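Taking our numbering, the leading residue of the sequence shown gets 174, the next gets one more, and so forth.
Glycine included, each C-beta is placed from N, C-alpha and C at the ideal position.
Bear in mind the structure is a predicted one, so any value in this text is a computation, not a measurement.
What follows is a short report on a single structure.
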Amino acid sequence: MRKMFEMASKLKDPVDLSLGAPDFDVPDVVKKAAISAILAGRNRYVPTVGIPELRTKVAEKLKKKNNILVDDSCLIITSAVSGGLSIVLTTILNNGDEVILFDPYFVGYKQLILQNGGIPVYAKTKEDFSPDILDFESKITKRTKAVIINSPNNPTGKIYSAADLKNIASIAEKNGLLVISDEIYEDFCFEKTHFSIGSVYENTVTLNGFSKSCGMPGWRVGYVCAPKRIIDECVKVQQYNFVCAPSPFQYAALKALDFDTSSITQEYKRKRNIIYEGLGKKYSFSKPEGAFYAFIKYPYDGKKFIQDCVEKNLLVVPASVFSQHDTHFRISFATSENVLKKAVAILNTLIS
Ligand code: PLP
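The structure is reproduced here in structure tokens:
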């Protein structure tokens, strides 16, 4: 990813489909809430678990939207989802513990597992990027501590079905595994509805935040919901690492929870269609159902393809960032329709 950013900085006006951030700004009402909090002097440390108003409101949201019934003691406000993942993996992993990931996976998981002495183990996904349940079950050993789920998915745009998630939950239960469910793209669903595995399996750590759904990746606010015994340990880890999530933005997050993303989701669905209809004839890929990514098979040698894209001023991300197999490239369609149309035109010139 860093190499892509470096290359991007050298290109003049690149057609950039490499970034994983939404292209809309923080809504005004949320900005005003942050400014008011700063002006009111809410700039000091707050409790490590987060401000009480936000924990209560997140608990209400989880109940209403995700069917996860918890009280505040099962919640910690974190420095976005990355901060949440970091404290959760530090909390649960001992050296040599294995964590199963479905390949392809979000790049941060592998690195954070390794950083915490764990061993990433890769389970397959099918041609349409749904989880291969039999392969998952076959990868469980005595050392397996957890499985990480990410739906809607980065980098594939797949939304896991409720049936697949229930199967994963029952296998996890049979084997005493923790499920870690990263739901950061839950608001970006085009084809199916989002299902939270934490609504059917108690031993689940659910992570979410505001970086994508409220266009505020720079404000670093998210949350972790888990059984109280896990949260109690996460609090200790957060205390010595982040101390607390940024205080004024926790107040802003109270407003961010009320933000209705449905019109943005519709806009991203139109953008998804531009990509799918524009590239579907020449390129082979599964229609993204959510998030804002498409994961597309290289039409010829991957290294040569990425170089050809750069020569045409187009930035995409190679699969090697997200997978043990360098067979695909990822594009993000969280950008203007104009940029997407230019990208489609360039990509179509690369294959005759
Ligand atoms: N999880 C997934 C699946 C992501 O795609 C990202 C960012 O791209 C993150 C977590 C990190 O998000 P945050 O900005 O909330 O740390």
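Problem set entry | Asn414: CB within 7 Å of a non-hydrogen atom of ligand 1 | Taking the first residue of the sequence shown as 1, we reach residue 414 at position 241. Incorrect: Asn414 has no Cβ contact closer than 7 Å to ligand 1.
Exercise. Taking 7 Å as the cut-off, does the CB of Asn327 come closer than this to any heavy atom belonging to ligand 1?
Worked result: By one-based count along the sequence shown, residue 327 stands at place 154. Answer for Asn327: yes, Cβ within range of ligand 1.
For this session: Count the other C-beta atoms from every protein chain shown that fall within 10 angstroms of the C-beta of Asn326, then say buried if there are 16 or more, exposed otherwise.
Result: Walking along the sequence shown from the start, residue 326 turns up at place 153. Buried, by the Cβ-count rule.
Exercise. What's the call for Gly290, buried or exposed, on a 16-neighbour Cβ count within 10 Å?
Worked result: By one-based count along the sequence shown, residue 290 stands at place 117. Under this definition Gly290 is an exposed residue.
Exercise. Roughly how many angstroms lie between the CA atoms of Tyr282 and Ser255, to the nearest whole one?
Worked result: Residue numbering aside, residue 282 sits at position 109 when the sequence shown is read from its first letter. Residue numbering aside, residue 255 sits at position 82 when the sequence shown is read from its first letter. For Tyr282 and Ser255, the distance between alpha carbons rounds to 9 Å.
For this session: Could you tell me which residues DSSP puts in a beta bridge with Phe302?
Result: Here the question's residue 302 lines up with position 129 in the sequence shown. Beta-bridge pairing links Phe302 to no other residue.
Problem set entry | the stretch 246-253 touching the stretch 359-373, judged by at least three CB pairs closer than 8 Å | no
Exercise. Is it buried or exposed for His598, if we count other Cβ within 10 angstroms and need 16 for buried?
Worked result: Not covered by the structure: residue 598. The range shown for the chain is 174 to 525.
For this session: Determine the DSSP secondary structure at Cys417, reduced to helix, strand or coil.
Result: Position 244 of the sequence shown, counting from 1, holds the residue named residue 417. Coil.
Exercise. Looking at Ser384 and ligand 1, is the gap between the Cβ and the nearest heavy atom below 7 Å?
Worked result: For the purposes of this step, residue 384 is taken as the residue at position 211 of the sequence shown. Ser384 Cβ: within cutoff of ligand 1.
Exercise. Which residue's Cα is closest to the Cα of Thr379: His498, Ser509 and Asn239?
Worked result: As a first step, residue 379 is located in the sequence shown; it is residue number 206 there, counting from the start. Nearest C-alpha to Thr379: Asn239.
Exercise. From what residue to what residue does the alpha helix (DSSP H) around Ile211 run?
Worked result: Mapped onto the sequence shown, residue 211 falls at position 38. Here the alpha helix (DSSP H) through Ile211 covers Asp201 to Leu212.
Exercise. Is Ile448 closer than 8 Å to Ala464 when the C-beta atoms are compared?
Worked result: As a working mapping, residue 464 is identified with position 291 in the sequence shown. As a working mapping, residue 448 is identified with position 275 in the sequence shown. No, they are not a contact pair.
Exercise. What's the C-alpha gap between Trp392 and Pro419?
Worked result: Within the sequence shown, numbered from 1, the residue matching residue 392 stands at position 219. Within the sequence shown, numbered from 1, the residue matching residue 419 stands at position 246. In a straight line, the C-alpha of Trp392 is about 7 Å away from that of Pro419.
Exercise. Is it the case that the Cβ atoms of Ile403 and Thr264 are separated by a distance below 8 Å?
Worked result: Position 230 of the sequence shown, counted from the first residue, corresponds to residue 403. Position 91 of the sequence shown, counted from the first residue, corresponds to residue 264. Yes.
Exercise. What does a CB cutoff of less than 6 Å around Ser324 pick up in its chain, not counting 5 residues either side in sequence?
Worked result: Indexing the sequence shown from 1 puts residue 324 at position 151. Closer than 6 Å at the Cβ level, and outside the excluded window around Ser324, lie Ile332 and Tyr333.
For this session: Give a yes or no on whether the C-beta atoms belonging to Leu351 and Lys318 are separated by under 8 Å.
Result: To locate residue 351, count along the sequence shown from 1; it is residue 178. To locate residue 318, count along the sequence shown from 1; it is residue 145. Yes. Within cutoff.
For this session: Tell me whether Lys454 sits in a helix, a strand or coil according to DSSP, three-state version.
Result: Along the sequence shown, read from residue 1 onward, the residue named residue 454 stands at position 281. Coil at Lys454, not helix or strand.
Problem set entry | Per-residue burial, Tyr358 [other beta carbons within 10 Å of its own, 16 or more giving buried] | If you number the sequence shown from 1, residue 358 lands on position 185. Buried.
For this session: Quick one: residues in its chain with C-beta nearer than 8 Å to the C-beta of Asp301, no 5 flanking neighbours on either side, listed in chain order?
Result: Taking the sequence shown and counting its residues from 1, one reaches residue 301 at position 128. Lys331 and Ser459.
Problem set entry | the stretch 472-490 / the stretch 300-316 touching (three or more Cβ pairs under 8 Å) | no
Exercise. How big is the Cα-Cα spacing for Pro220 and Thr229?
Worked result: Taking the first residue of the sequence shown as 1, we reach residue 220 at position 47. Taking the first residue of the sequence shown as 1, we reach residue 229 at position 56. Taking the straight line from one Cα to the other gives about 14 Å.
For this session: In the DSSP assignment, find the alpha helix (DSSP H) that holds Thr264 and state where it starts and stops.
Result: Mapped onto the sequence shown, residue 264 falls at position 91. Ala253 to Ile265 is the extent of the alpha helix (DSSP H) around Thr264.
Problem set entry | Nearest candidate by alpha-carbon position, reference Glu346, set Phe197, Leu192, Tyr441 and Ile313 | Here residue 346 is taken as the residue at index 173 of the sequence shown, counted from 1. With distances taken between Cα atoms, Glu346 lies closest to Ile313.
For this session: Please find out if some non-hydrogen atom of ligand 1 comes closer than 7 Å to the beta-carbon of Asn511.
Result: Here residue 511 refers to the residue found at position 338 of the sequence shown. No, Cβ of Asn511 sits at least 7 Å from all heavy atoms of ligand 1.
For this session: Could you tell me if the beta carbon of Ala426 falls within a distance shorter than 7 Å of some heavy atom in ligand 1?
Result: Taking the sequence shown and counting its residues from 1, the one referred to as residue 426 is at position 253. No; taking the cut-off as 7 Å, the Cβ of Ala426 has no heavy atom of ligand 1 nearer than that.
Problem set entry | Any non-hydrogen atom of ligand 1 within 7 Å of Asp355 CB | By one-based count along the sequence shown, residue 355 stands at place 182. Asp355 Cβ: within cutoff of ligand 1.
For this session: With a threshold of 7 Å, establish whether the CB of Gly193 neighbours any heavy atom of ligand 2.
Result: With respect to ligand 2, the structure offers nothing, as its ligand set consists of ligand 1.
Exercise. For Asn521, which of helix, strand or coil comes out of DSSP?
Worked result: Your numbering for residue 521 matches position 348 in the sequence shown. Helix at Asn521.
Exercise. Which first and last residues belong to the alpha helix (DSSP H) in which Arg503 is found?
Worked result: The count along the sequence shown starts at 1 and reaches residue 503 at position 330. No alpha helix (DSSP H) contains Arg503, which is instead part of the beta strand (DSSP E) from His501 to Ser505.
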